[in-house]
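The sequence shown begins at 1 in our numbering and counts up by one.
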Amino acid sequence: MPDTPIPAAYEDLRLDELLHIMDAATSLRKERETAALVLGEQETRRRLRDKLMQTAAATGEELTPAEVDAAIARYFDALHDFPEPESRFQVLLARAYIRRGLVLSIVGGAMVWCAAAAGLFLLPGAPFNSKTRAAKALEELWSEVDARRGMLVALAEDPETDARIEALGARASSLRATGDVGEIETIGAQLRKLEARLKDRFDLRVASPTGGESAISLSWEDDEGARDPEFYLIVEAVDDAGRPVKVRIRDAETGNESDVSRWAELVPEEVYARLANDKQSDGVLDERRFGIKRRGSEEIQVLIANPDGTPVARRRQLVRW
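See below:
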């Protein structure tokens with residue numbers, strides 16, 4: 001088929017002008033189709049009216065043109081009406097089938113959510129499963145306790161302290177196997193207290209305030225009657241710069257523990273008398289170093305000696321007197 005020649009008047013048109021003309025032509029075509037539909041309906045109404053009038057005349061039924069037109073109008077008005085079906089199971093299935101895409105999306109989403117919930121909370125090893133959380137907490141606690149045990153073993157200098165640390169570690173290991181978190185936490189607290197003691201380093205000196213007390217003698221009387229007098233040296237814990245250091249001391253009379261830097265240590269009467277004479281001779285106490293607490297050691301090493309040269313044993317301490 002030969003190409004239709006383009007009129008010379010259209011050869012110089014721009015692309016947007018050609019598109020505008022095509023839109024106008026499309027609009028005219030749609031209007032023509034709409035008019036044809038309207039005219040077709042009118043022709044159908046006319047033919048239907050003639051057929052109904054002929055049928056009425058043949059059957060002897062009396063119908064006026066107005067009644068025929070009203071019946072035809074009602075017919076066309078109800079031509080596209082769709083009565084809502086009764087709510088039955090078959091109707092629900094049909095609607096579900098029509099909306100099957102949405103239904104499948106909802107069902108699929110619910111299944112994904114359930115799978116995710118199971119993966120997070122229900123399945124063994126799920127991150128939010130109660131057993132998984134408990135196992136994780138147990139391992140974290142055990143790791144902390146074991147790490148502190150290793151650090152304290154490296155810090156401790158006394159074989160007795162080493163043995164105590166290892167015993168606590170072995171106990172924690174056996175509790176780990178049974179999952180006893182509470183007891184492992186108790187051991188962790190004991191190791192933390194031991195760590196604080198091992199890190200302490202201070203000198204313990206006999207107090208020598210000007211015009212103040214360096215020693216005291218106390219006479220007690222209880223329900224059983226009077227007791228023999230007791231002799232105490234007043235001591236002070238200080239660091240290398242002479243600053244007070246808090247030490248946890250248990251009062252022998254009350255049983256209460258306190259963090260103090262000054263307290264009284266029980267000594268034999270001979271030691272008490274020796275230091276009393278020392279201070280009374282010139283007002284200055286020369287023998288002041290009671291003991292030393294070294295880093296890595298749990299106990300205070302007593303330096304002040306009995307008359308036979310052996311260190312004084314630490315027996316009783318008082319916080320208040």
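Even glycine gets a Cβ: it sits at the ideal position worked out from N, Cα and C.
In terms of residue numbering, what span does the alpha helix (DSSP H) encompassing residue i cover?
i: ARG289; result: No alpha helix (DSSP H) contains ARG289, which is instead part of the beta strand (DSSP E) from 289–293.
i: GLU269; result: 269–282
Taking just the CA atoms, how far does residue j sit from residue i?
i: THR178; j: ASP223; result: 49 Å
i: PHE231; j: PRO268; result: 7 Å
i: GLN301; j: GLY291; result: 5 Å
i: SER214; j: TRP321; result: 13 Å
i: SER105; j: LEU138; result: 42 Å
i: GLU185; j: LYS136; result: 14 Å
i: GLY212; j: ARG201; result: 26 Å
i: GLU298; j: GLU195; result: 9 Å
i: GLU144; j: ALA305; result: 42 Å
i: ARG176; j: ARG197; result: 26 Å
i: ASP180; j: SER174; result: 9 Å
i: ASP293; j: PRO229; result: With the sequence shown as reference, residue 293 is identified as Lys, and Asp is not the correct amino acid for it. Cα-Cα distance, rounded: 29 Å.
i: ALA241; j: ALA134; result: 48 Å
i: VAL319; j: SER208; result: 18 Å
i: PRO307; j: ARG316; result: 19 Å
i: GLU157; j: VAL247; result: 20 Å
i: VAL153; j: GLU166; result: 8 Å
i: GLU253; j: THR132; result: 49 Å
i: ASP282; j: LEU275; result: 12 Å
i: LEU233; j: VAL206; result: 7 Å
i: GLY188; j: ASP278; result: 47 Å
i: ALA147; j: VAL238; result: 30 Å
i: GLU221; j: ARG227; result: 6 Å
i: PRO311; j: GLU140; result: 45 Å
i: ALA170; j: GLY108; result: 52 Å
i: VAL284; j: GLY255; result: 34 Å
i: GLU67; j: THR26; result: 41 Å
i: LEU266; j: ASP286; result: 19 Å
i: GLU160; j: ARG250; result: 22 Å
i: GLY150; j: THR210; result: 47 Å
i: THR64; j: ARG46; result: 15 Å
i: LYS51; j: ALA73; result: 15 Å
i: ARG314; j: ILE216; result: 16 Å
Specify the secondary structure class of residue i as computed by DSSP and reduced to three states.
i: VAL247; result: strand
i: LEU233; result: strand
i: LEU303; result: coil
i: ALA264; result: strand
i: ALA226; result: strand
i: GLU221; result: strand
i: PRO311; result: strand
i: GLU253; result: coil
i: LEU285; result: coil
i: ARG99; result: coil
Tell me which residue opens and which closes the beta strand (DSSP E) that residue i is part of.
i: SER297; result: Where SER297 is concerned, there is no enclosing beta strand (DSSP E), given that its DSSP letter is neither H nor E.
i: VAL319; result: Here VAL319 belongs to no beta strand (DSSP E), and DSSP marks it neither H nor E.
i: GLU257; result: 257–260
Can you name the residues that DSSP bridges to residue i?
i: GLU323; result: In the structure displayed, the chain extends from 1 to 321; residue 323 sits before or after that span and is not available.
i: VAL238; result: ASP203 and PRO244
Could you tell me whether the Cβ of residue i comes closer than 7 Å to any Cβ of chain B?
i: VAL319; result: Absent from the structure: chain B. Only one protein chain is present.
Identify every run of the alpha helix (DSSP H) within the stretch 148–219, keeping only runs that are complete inside it and at least 4 residues long; order them along the chain.
-> 159–178 and 181–199
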